[in-house]
Amino acid sequence: MAVPRTALKKWEKVREFALGMPGAVEEFPWGETVAKVNKKVFVFLGVADGSYPMGVTVKLKDESAHAHALTCPGAEPTGYGLGKSGWVSIPLEQKGAPAAELLCDWVEESYRVIAPKRLIAELDGRD
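Note that the numbering used here numbers the sequence shown so that position 19 is 20, with each residue one more than the last.
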């Protein structure tokens with residue numbers, strides 16, 4: 002199944018942004034792409050081969066960001082009990098899906114929740 006170009010472009014921007022965070026690494030547990038910092042996932046990026054709808058999953062502790070994310074078309078608290086901890090799954094292929102810039106803001110928030118203080122300080126020290 003072909004992935005819509007707009008969804009793929011957003012996915013690629015979000016992936017590139019996530020991997021640009023201090024200490025971020027890309028891994029492929031369970032056959033999907035994730036970005037980790039300090040051995041902990043801060044964004045689930047799913048798969049980009051069209052075998053499953055494209056989306057991103059982030060941890061949003063900020064109540065307004067969390068509420069905003071849940072208003073996106075098709076967004077929902079993440080399964081496996083992760084939703085109770087603030088994780089939100091946001092599909093990219095639906096009409097009205099968030100812009101890449103907003104998704105990157107949410108990825109940064111998720112990173113800040115997961116990353117150690119020294120790496121957050123490094124991020125804050127960037128121009």
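Using N, Cα and C, we set each Cβ at its ideal position, and we do this for glycine too.
> Of the residues M22, P92, H69, which one's Cα is nearest the Cα of L46?
Replying inline: Within the sequence shown, the letter at position 45 stands for residue 46. It is P92.
> If V15 and V108 are in contact, beta carbons under 8 Å, what's the gap, nearest whole angstrom?
Replying inline: Residue numbering aside, residue 15 sits at position 14 when the sequence shown is read from its first letter. Residue numbering aside, residue 108 sits at position 107 when the sequence shown is read from its first letter. That pair is a contact at about 6 Å.
>> Please list the terminal residues of the continuous alpha helix (DSSP H) segment that includes W12.
In response: Counting from 1 along the sequence shown, the entry for residue 12 is found at position 11. Segment 6 to 20, the alpha helix (DSSP H) holding W12.
>> Does P99 pass the burial test, meaning 16 or more other C-beta atoms within 10 Å, or should it be called exposed?
In response: Translated into the one-based positions of the sequence shown, residue 99 becomes position 98. It counts as buried.
>> Can you find the residues in the same chain that come closer than 8 Å, C-beta to C-beta, to F43, ignoring five residues on each side of it along the sequence?
In response: Counting from 1 along the sequence shown, the entry for residue 43 is found at position 42. Only A19, M22, A25, A36, K37, V59, K60, V108, S111, Y112, V114, I115, A116 meet the Cβ criterion.
> Can you list, in chain order, the stretches of the beta strand (DSSP E) that have 3 or more residues and sit fully within the segment 67 to 93?
Replying inline: If one requires a minimum length of 3 residues, the beta strand (DSSP E) runs lying completely within the segment 67 to 93 are 88 to 92, in chain order.
> Out of S90, G75, P74, D125, which has the shortest C-alpha to C-alpha gap to Y81?
Replying inline: Mapped onto the sequence shown, residue 81 falls at position 80. Nearest of S90, G75, P74, D125 to Y81, Cα basis: S90.
> At which residues does the beta strand (DSSP E) containing L46 begin and terminate?
Replying inline: As a working mapping, residue 46 is identified with position 45 in the sequence shown. Counting along the chain, the beta strand (DSSP E) containing L46 begins and ends at 41 to 47.
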